[in-house]
Amino acid sequence: MNKRTSWADLAANSAAENTYAGSSVNNGILGTTSGGASRTNTYVPPHLRNRPASSDPPAPAYSGPASSNDRSAYGGARWGGARNDSRSGYGGSGGGGGRTGGWGGGRGGGWDRGREQEVNPFGDDDNTEQAFSEQANSGINFDAYEDIPVETSGDNIPPPVNIFAEIDLGEALNLNIHRCKYVKPTPVQRHAIPISLAGRDLMACAQTGSGKTAAFCFPIINGIMEMQAQGVQRPSRGARTVYPLALILSPTRELSMQIHEEAKKFSYQTGVKVVVAYGGAPINQQLRELERGVDILVATPGRLVDLLERARVSLQMVKYLALDEADRMLDMGFEPQIRKIVEQMDMPLPGFRQTMLFSATFPKEIQRLASDFLYNYIFLAVGRVGSSTDLIVQRVEFVYDSDKRSHLMDLLHAQRANGVHGKQALTLVFVETKKGADSLEHWLCVNGFPATSIHGDRSQQEREQALRSFKSGNTPILVATDVAARGLDIPHVAHVVNFDLPNDIDDYVHRIGRTGRAGKTGLATAFFNESNVSLARALADLMQESNQEVPAWLSRYAARSSYGGGRNRRPGGNRFGGRDFRRDSSYTRGGMDYYGGNSTSGYGASGGYGGGYGPGVTSAWD
DNA sequence: AAAAAAC
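Going by full-length UniProt numbering, 79 is the number at position 79 of the first sequence; the sequence numbering is gapless.
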């Protein structure tokens, strides 16, 4: 099938789909002004939908850092001093001077030379049609994503698109999208990409496995291509310092590697250079890669701080900042490092860069912290509570600690009997501690189960080897700590076992999200005992909302447990993956009204469960 | 209390 045909088909499909788009985004439930003037009740033919309301020319090209980059009527104030915001501290810094300094003519440094050597990340030089046919990227079950609720809030929200062709991402990027077999944007992509292209900051809450990486990569790559077409030039002082235009941070090394791999595919032959930097690996090779030129830097925080302190990287030219798993990046362990990178180095201030935060979960107190990094942002929540849980069958079994191993063995035996394609289905087993991971792995191997493990005490080489071996099916059982809980896209994980349950329901959501990816189904089994009572209620609520069978004994634990102080709460009634904390009645923002003043049906401050909870409610699921 | 993240 050639591109023309498939896009034509998509256009036809999307016309039908538009009913859904209109109702979910624009109905009164949300109580938000979405979509601006074009979102009215009047019928608009499909080919005219989602256009800027005015008669402005469509999607002007990048016009330089000192001028407006608005793709439509929906952009806010942009980089380079266009903002008319009155907060202090924004005097002339961060590009307010416009076309002075480093923004002359000429090309970005160094990459043209290396460009000829660019490795084809599709692993198939001549036949792009066949590339990826066996990969997880193909065959996304989009039907599973239909009818997903979407909540947007914020000021002047760009309308979603229905097909990639509706957005001008450029020929090279479109070709890569085609090569990746992405035929139709996922819900988060439909909404997030127009928001990003309009230059807006974004806080996005979307299901695990729903295509978040592409959602922030496409606009970044597109934006950098336009900057390069305009002849962006980086400072030349400090010969060994490099100046990335985009920074993507993630909480684990393997996730950074994965994002790097994805971003390389998306940016193939676009002239946009992606480099990854993370700890546990020799820094010299990473330094050499950086010296060959970098537009998008993907990194874990520790290694990046190291590079910044060595002055090998400067963030002065960063125009795009993306935090993947943003709630994790801002939790207690990470927040100081992230603040240092974002606020205490030479990164442009909010409003002078574009900031995008993505996660499947977004507790409210984390949203509050995150808002420091954002300028007049749009909040986007896509999908049901509990991520892709309609696609994941969740089971909870009462298992004493002393019985866990034999119980796991029973599960694995049963699965082996069901083995598909002669190979054992991939099973990911989460445990609480690194020692626990080692000993369970050893025990499984001794008992004839091909297992490996991944956790923070293993060398980076061992970690990467373990992941490869698991993915390939060589060792179809992977025992893991929470290092593997978030973001990792491992195709064909049929079963996630919570051998030890986490203490936080959000961690549970991320863990089970390792299966049921890309619209496929999956199974998640949890071993529950007295040491997990604090999770009982949140777990029961989550399961109930995702139409799972809740064992009566679990409901009894749930009824008994009180919600005093923990953050494991998440009342029912909210079909969305999260809520904008700015809509809380407790949160007042000094007179700014982001929401058009109307908040309706079911999303009022009192909520369905309002009375049942004490002060200090913290989860975005509220 | 544990996990992750630099050397």
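Beta carbons are placed, not taken as given, at the ideal position from N, Cα and C, and that holds for glycine.
In this text the structure is predicted, and so the values were computed from the model without any measurement.
CB of residue i within 7 Å of CB of residue j, strictly
i, j, result
"V150", "V382", "yes"
"I296", "V274", "yes"
"G211", "Q189", "yes"
"L197", "P219", "yes"
"G526", "L501", "Correcting the residue identity first, residue 526 is Ala in this sequence and not Gly. It is a contact, given that the beta carbons lie within the stated cut-off."
"I454", "A480", "yes"
"E254", "L488", "yes"
"D327", "S359", "yes"
"T355", "L374", "yes"
"T187", "I157", "Note on identity: in this sequence residue 187 is Pro, with Thr being the wrong assignment. No, these two residues do not count as a Cβ contact at 7 Å."
"E325", "R486", "yes"
"F266", "C217", "yes"
"D410", "K434", "no"
"F581", "Q344", "no"
"residue 623", "A451", "Given that the chain is displayed from residue 1 to residue 622, the structure contains no residue 623 and the question cannot be resolved."
"M329", "P244", "no"
"L369", "L323", "no"
"H510", "T427", "no"
"Y377", "D584", "no"
"F362", "G516", "no"
Span separating the alpha-carbon of residue i from that of residue j
i, j, result
"A246", "D482", "27 Å"
"W553", "Q258", "40 Å"
"S402", "V431", "14 Å"
"A215", "H191", "9 Å"
"E462", "N532", "31 Å"
"L304", "V272", "20 Å"
"I341", "R405", "43 Å"
"M203", "C445", "43 Å"
"A229", "N222", "11 Å"
"residue 655", "F122", "Lying outside 1 to 622, the shown extent of the chain, residue 655 is not represented and no answer is given."
"L290", "V242", "7 Å"
"D306", "S153", "37 Å"
"R560", "A538", "12 Å"
"D390", "N547", "7 Å"
"residue 624", "Y320", "Any answer about residue 624 is impossible in this case: the structure gives the chain only from 1 up to 622."
"L523", "C205", "23 Å"
"Y508", "Q394", "11 Å"
"G386", "S236", "For G386, the predicted model reports a pLDDT of 40, less than 50, meaning its position is unreliable and no value from the coordinates is stated."
"N447", "F470", "18 Å"
"residue 624", "M347", "The structure shown does not extend to residue 624, since the chain is modelled only from 1 to 622, so the question has no answer here."
"H413", "P282", "41 Å"
"N176", "S555", "48 Å"
"I195", "L287", "34 Å"
"Q285", "P491", "29 Å"
"H407", "E261", "37 Å"
"residue 673", "V313", "In the structure displayed, the chain extends from 1 to 622; residue 673 sits before or after that span and is not available."
"V183", "I193", "15 Å"
"K173", "G333", "Checking the sequence, you will find Leu at residue 173 rather than Lys. Taking the straight line from one Cα to the other gives about 36 Å."
"S472", "V493", "11 Å"
"I224", "A540", "45 Å"
Per DSSP, cross-strand counterpart(s) of residue i
i, result
"I193", "None, per the DSSP bridge assignment."
"I248", "V298, A322"
"R395", "T525"
"A172", "Partner(s): none; A172 has no beta bridge."
"M203", "L357, F379"
"S153", "F379"
From the options, residue whose alpha carbon lies closest to that of residue i
i, options, result
"A536", "A524, V550, Y375", "V550"
"K264", "V119, T515, R514", "V119"
"residue 668", "S459, K319, S453, V298", "Since the first residue shown for the chain is 1 and the last is 622, residue 668 is missing from the structure and cannot be characterised."
"V399", "L369, P363, V497", "V497"
"T208", "K520, A538, L287, L411", "K520"
"R234", "V318, V298, K184", "V318"
"E226", "R353, G513, I193, T270", "T270"
"G436", "P251, L428, F499, G199", "F499"
"Y278", "T300, H260, R292", "T300"
"I477", "L523, H442, V429, E464", "V429"
"A558", "R582, G578, F528", "F528"
"R353", "K184, N176, Q316, N503", "Q316"
"Q544", "S472, S534, I392, V493", "I392"
"R240", "G293, P159, G231, R179", "G293"
"E530", "D541, N503, L542", "N503"
"G302", "Q337, Y268, G333, A311", "Q337"
Residue i beta carbon near the ligand ADP (any heavy atom closer than 6 Å)
i, result
"K520", "Judged by which ligands are present, the structure shown has none, so any question about the ligand ADP falls away."
Exercise for the section: Scan the segment 247-279 and note each continuous alpha helix (DSSP H) run of 4 residues or more that stays entirely inside, going in chain order. Expected result: 253-266
Problem - Ordered list of alpha helix (DSSP H) runs contained in the UniProt domain "Helicase C-terminal" (407-558), each at least 4 residues - result: 434-446, 460-471, 505-512, 533-545
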